Every structure is written in C-alpha cells, then in structure tokens.
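The opening residue of the sequence shown carries number 37 in the numbering used here; numbering runs sequentially from there. For each residue, glycine too, the CB sits at the ideal point set by N, CA and C. Predicted, not measured: the structure shown is a model, and the values here were computed from it.
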Amino acid sequence: MMRLSRTTKVVVLTGAGISAESGIRTFRESGGLWENHKVEDVATWSGFEKDPALVWKFYRQRWEDSNSTKPNAAHYALVEMEHYYAQHFSLVTQNVDGLHSAAGSKNPLEMHGNLNSCFCTTCRAKFKLHDTDPDIAIPLCPKCGAYLRPDIVWFGEIPYFLSEIEHSLKKCDVFIIIGTSGLVYPAAGFVMTAKLMGAKTIAINLEAPDNLSFIDEFHQGKSGEVLPALVKEWTAP
Ligand code: NAD
Numbered sequence: 037m038m039r040l041s042r043t044t045k046v047v048v049l050t051g052a053g054i055s056a057e058s059g060i061r062t063f064r065e066s067g068g069l070w071e072n073h074k075v076e077d078v079a080t081w082s083g084f085e086k087d088p089a090l091v092w093k094f095y096r097q098r099w100e101d102s103n104s105t106k107p108n109a110a111h112y113a114l115v116e117m118e119h120y121y122a123q124h125f126s127l128v129t130q131n132v133d134g135l136h137s138a139a140g141s142k143n144p145l146e147m148h149g150n151l152n153s154c155f156c157t158t159c160r161a162k163f164k165l166h167d168t169d170p171d172i173a174i175p176l177c178p179k180c181g182a183y184l185r186p187d188i189v190w191f192g193e194i195p196y197f198l199s200e201i202e203h204s205l206k207k208c209d210v211f212i213i214i215g216t217s218g219l220v221y222p223a224a225g226f227v228m229t230a231k232l233m234g235a236k237t238i239a240i241n242l243e244a245p246d247n248l249s250f251i252d253e254f255h256q257g258k259s260g261e262v263l264p265a266l267v268k269e270w271t272a273p
C-alpha cells in the first residue's frame, strides 16, 4: 500500500474518460468522431469559418448536455485530494464540461477552455454562453458586433495555462493521468516531462493509454471506482 505525505507535490491531468461515468461520451469511443461529427468540422478554426452555425449548434448542445449531468465519484475524489495536499496539489483538465468546478475543485486549469465561455472573433472580449440568446444561430459580440465563437481550444490552437502547467510538472513528485487516451498533444506529452524531471507517474484508465511506456504504475478500470479507493490509500492516516 502506498501512502503519500501531505507535502508530496501532486499534479493530476484528467481527460474525457473521467466524465464518462457522468454520462458524457468520450471522444474516442465513437471512432475518432465527437458526438457523430468529424473533429475537423466542429473543432477547428477552418470548420468554424466554413459553417459557424453548425459549430455553434454543436457546442450549444454539448453545453446543454453537460448542464444536465453531475460530477461522479472520481471528480469528488479529486476534491478530497485537493483538500489533503492543499497548495501542493494542481489539477489540469482537458475537459470542457465544467464538472471539476461543479464537484468543488477550486482552481482546475481548463487547458482546452470551457463550454460556458465564448469570445469575440474580432475584439476578443469574453462572455458567458448563458448570457447569449439561444435562438440566435451565431451569437454576435455585444461590444463590436462581430461573431462570437466558443471558448474551446480547437485543433491547431495553443492550449491555455501551458507555462503554469510546465512549471508544476517540473517540480512535482507524483504525476497522475486519469481517463485520457494519451493521443491529443501537447497534453499527451506531459507525462514525459514529469518522468524526465524525476516524478513518479501513475495512470488510471479503462484501457492502456498510448503513452503507457512513460507510466510507472497503471491501474486499469473505471476512474469512478478505482480513484476513490486509491485516494483512500494515498491519504490514509
Ligand atoms: P479520449 O476520448 O481521447 O480518451 C478517453 C480515454 O478515457 C480512453 O482512453 C478511454 O479508455 C478512457 N475511459 C473511458 N471511460 C473511462 C472511465 N470510466 N474511467 C477511466 N477511463 C475511461 O479523451 P482525451 O484524451 O481527453 O482527449 C479528447 C479531447 O476531446 C480532449 O482534448 C477534450 O478537450 C475533448 N473532449 C472533452 C470532453 C469533456 O469535456 N467531457 C468530452 C469529449 C471530448
């Protein structure tokens, strides 16, 4: 049994798999499609240029879906970890569903954005999706009138918080990946950085992730079942 002291510096990276037990489908389970859409149609700037109304319809639906779901045991186990490790804990997520915050995580670094956020394609001002009119196919910027776009980091765009993430990866003792296929970069490469800098690396996933060769300890299974048991072990008195 492994116990981790309160001063162990822990970084966690989550992916779509952690939300699967909340009822949100992962990206890969439908053969590289995202809810039956090709990623280039709904998750690239060129897809948005081609058909902004389709892209808005897609993300509005994803946002409505995520509003009707609840965090699961794995999200709550990460809140417990945050309480236990306090300032030594960082949570990074590739998810855009907002379920970490809904569970009570204080500062998840949402590196791929958030479904409830959008910004102006011209003046870059940010807005909340819940403040836009759902009957308008392509919402317009209240400040300058240009198209708004979902605040989602699309393929080919630079994720948020990369310098903070790199900083915490370089000084962490343990790096844990949960529910991520290890196929989407740069997130898939974080495990290499952490390992090269001397951290112990742990993965919790339904199937072996693509970057398994950089993982010291692999726990195969559903994160909602595996993670709460591990957190109990790691934080045992
Ligand atoms: P992915 O879909 O590529 O991989 C998900 C991984 O989770 C798979 O390896 C699968 O085996 C595993 N998994 C499935 N159910 C699981 C469970 N119950 N417990 C543990 N593991 C489970 O996801 P990714 O690596 O996060 O990359 C997909 C990209 O698509 C991300 O960048 C993300 O922004 C986006 N996306 C987000 C959401 C969301 O916000 N919930 C959903 C779909 C896609």
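TODO: Name the residue from Phe191, Phe94, Met147 whose alpha carbon lies nearest to the alpha carbon of Glu200.
DONE: Per the C-alpha coordinates, the member of Phe191, Phe94, Met147 positioned closest to Glu200 is Met147.
TODO: Take Lys258 and list the residues in its own chain whose beta-carbon comes closer than 7 Å to its own, dropping the five residues that flank it on each side.
DONE: Excluding residues within five positions, the ones whose Cβ falls inside 7 Å are Glu57, Leu242.
Open item on the list: On a Cα-Cα basis, can you pick out the residue from Asn247, His203, Thr216, Pro264 that is closest to Gly53?
Closed with: With distances taken between Cα atoms, Gly53 lies closest to Thr216.
Task: Extent of the continuous alpha helix (DSSP H) to which His255 belongs - done: Premise fails: His255 lies in the beta strand (DSSP E), 253-256, not in any alpha helix (DSSP H).
Task: Range of the contiguous alpha helix (DSSP H) that encloses Lys207 - done: Residues 198-207.
Open item on the list: Across the stretch 195-210 and the stretch 226-235, are there enough close Cβ pairs to call them in contact, namely three or more that are closer than 8 Å?
Closed with: Yes, since at least three Cβ pairs between the stretch 195-210 and the stretch 226-235 fall closer than 8 Å, the two stretches touch.
Open item on the list: Using the three-state DSSP reduction, which class does Ala272 fall into: helix, strand or coil?
Closed with: Reduced to three states, the DSSP call for Ala272 is coil.
Task: Given Phe155 as reference, the closest of Pro175, Val91, Pro170, Ser137 once Cα atoms are compared - done: Shortest Cα-Cα distance from Phe155 to any of Pro175, Val91, Pro170, Ser137 involves Pro175.
Task: Gly53 in three-state terms, based on DSSP - done: Gly53 falls in the helix class under three-state DSSP.
TODO: Please confirm whether Tyr112 and Pro264 have their CB atoms less than 9 Å apart.
DONE: Contact: yes.
TODO: In the DSSP assignment, find the alpha helix (DSSP H) that holds Gly215 and state where it starts and stops.
DONE: From DSSP, Gly215 is part of no alpha helix (DSSP H); its letter is neither H nor E.
TODO: Return yes when the Cβ of Gln123 is within less than 9 Å of the Cβ of Thr50, no when it is not.
DONE: With respect to Gln123, Thr50 sits apart: the two C-beta atoms are not nearer than 9 Å.
Task: Opposing strand residues paired with Arg185 [DSSP bridges] - done: In the DSSP output, where bridge partners are listed per residue, Arg185 has Phe155.
- [ ] For the beta strand (DSSP E) containing Ser126, list its first residue and its last residue.
- [x] 125-129 is the span of the beta strand (DSSP E), which, as asked, contains Ser126.
Open item on the list: Taking 8 Å as the cut-off, is the beta-carbon of Glu76 closer than that to any non-hydrogen atom of the ligand NAD?
Closed with: Glu76 has its Cβ no nearer than 8 Å to any heavy atom of the ligand NAD.
Task: N-terminal and C-terminal residue of the alpha helix (DSSP H) that Phe63 is part of - done: Counting along the chain, Phe63 falls outside any alpha helix (DSSP H), and DSSP gives it neither H nor E.
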